[in-house]
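Working notes for the structure below.
In our numbering, the protein residues as written are 700 to 1244.
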């Protein structure tokens, strides 16, 4: 056989299944025949040195997936295409060595060894003559239909597979074509095909069409994937391109809009009034008692008086009634007498005087209630750019004294601030969206004695996001602070007597409730004139309790 080297297998029965053919590295071809046994005397290297390209043939017996299999390893000097066919009880494996430079010695068709089984498979690979051997043909004018058809330039081969693994077929085509074929993990299945004298690239496209596969070639690498996967990847790619195109268009529109508004930066003037509305309640209750007794002891006048105000010359100290003075026959005034628990503040009083020529008892009851309203803490006005936060702060630094391990005093400061943060954003319709945060920190000096003289910092906070029209006013409240004070003064022991103790003491109760109220008025500023815009729609007030 000119241009071929052959390995002949003699089988006792037809093969039950097709052989598995695999091209390995370094010129090794592996053939697996299932449900067959090779005699022990033939389980050794055979044919060494008898052929030019075939170096050695080694049959071994193995078990594969519970089946007895014969593995035939054929070592070649150079990997060349081969064909496998069946003639009666012979399996003929022909290697095409016509393209090799070395002369090939023809061999007789004699069996290399015998195997038993019933497998039948035929693979015929034929290499076409080179282009130099072909006769030059005149150029042919292609029609439009011919130009649309794919052009195949690969060398021609013949394939004959029955139920062969698709991955093994791709590996064989990779060896024959000299290109790398990479396939994804979802490429699987078997194929049965018979082709004679067709270009290898056309054979590849035909197999891909039969199996529902697609390819993408980059240089000498062909990537094979399922059509479903390729369609999904293409759809994702188009979606990504569309999103990128939209993003570029939006960026261009924003850039164009920015160029149109260049030099017209929009600003907002923010007017705020921070008011501390107080609701104070002060109540003072007290009682004053006075009394005197006058008589004679023999030929001498006598008087008994008691009181807490010995520095006064008059018996009655209050402004009304006018006061009834007790005088001796000599015309001298008796000193103040009785119990005197006046209120701290001057207030309306009720007086009562009982007595006669020689004795008098007086009672004065005083009461006071006072209320106060609020005061304006701050009236700031600030201008800021669109979407830029403006901050207003007002407060004090509170000193805190600490003592270290060595007994030294250290002074640090903490801020007790009233802080207002406003971030305006101008909406397309000319309204103003504002993010508002108001914080009120204040020192609680009433609790300072519990913390070694350092007052704790109480915090109240309000945070909101609203939209108002240009020039309208919003009101934010709800930051409350309540303080209660109670003071009692009285005569020791007597003031603690149940019920009757109220005759010997006075009580002062003070309740202070403060609420922080913030008025905010945003106004758009015309940057051309730097004046606030005015129109007839301004002036409305929105209340947010």
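Built from N, CA and C at the ideal position, the CB exists for glycine as well.
| query | result |
| --- | --- |
| Classification of residue 705 by the beta-carbon crowding that lies within 10 angstroms, buried from 16 upward | buried |
| Sub-7 Å separation of residue 1136 and residue 1088 beta-carbons | no |
| Rounded separation between residue 803 and residue 930 - CA only | For residue 803, the predicted model reports a pLDDT of 43, less than 50, meaning its position is unreliable; a value from the coordinates is still stated below. Cα to Cα, residue 803 sits roughly 50 Å from residue 930. |
| Paired residues, beta bridge with residue 1189 - DSSP | 1204 |
| Separation of residue 773 from residue 747, as counted between CA atoms | 11 Å |
| Among 1148, 1078, 720 and 1157, the one whose alpha carbon lies nearest that of residue 731 | 720 |
| Sequence-distant residues of its chain with Cβ nearer than 6 Å to residue 883 (five each side left out) | 924 |
| Limits of the unbroken beta strand (DSSP E) element including residue 787 | Run containing residue 787: none; DSSP gives neither H nor E here. |
| Nonlocal neighbours in the same chain, by C-beta distance under 8 Å from residue 926, ignoring five residues either side | 911, 912 and 913 |
| Check whether residue 1214 and residue 1152 have beta carbons under 7 Å apart | no |
| Rounded separation between residue 769 and residue 761 - CA only | 6 Å |
| First through last residue of the beta strand (DSSP E) which encompasses residue 866 | That residue, residue 866, is in no beta strand (DSSP E); its alpha helix (DSSP H) goes 865-876. |
| Straight-line Cα distance separating residue 1187 from residue 1199 | 15 Å |
| Residues near residue 865 in its chain [Cβ-Cβ closer than 8 Å; skip 5 each side] | 886, 887, 888, 889, 890, 906 and 910 |
| Check whether residue 1142 and residue 1115 have beta carbons under 7 Å apart | yes |
| As assigned by DSSP and simplified to three states, the class of residue 1126 | coil |
| Minimum C-alpha distance to residue 727 - residue among 1149, 945 and 757 | 757 |
| Three-way DSSP call (helix, strand, coil) for residue 740 in this model | helix |
| Beta-carbon gap between residue 892 and residue 860 smaller than 7 Å | yes |
| Proximity of residue 736 and residue 767 at Cβ, strictly below 7 Å | yes |
| Distance, residue 942 Cα to residue 752 Cα | 59 Å |
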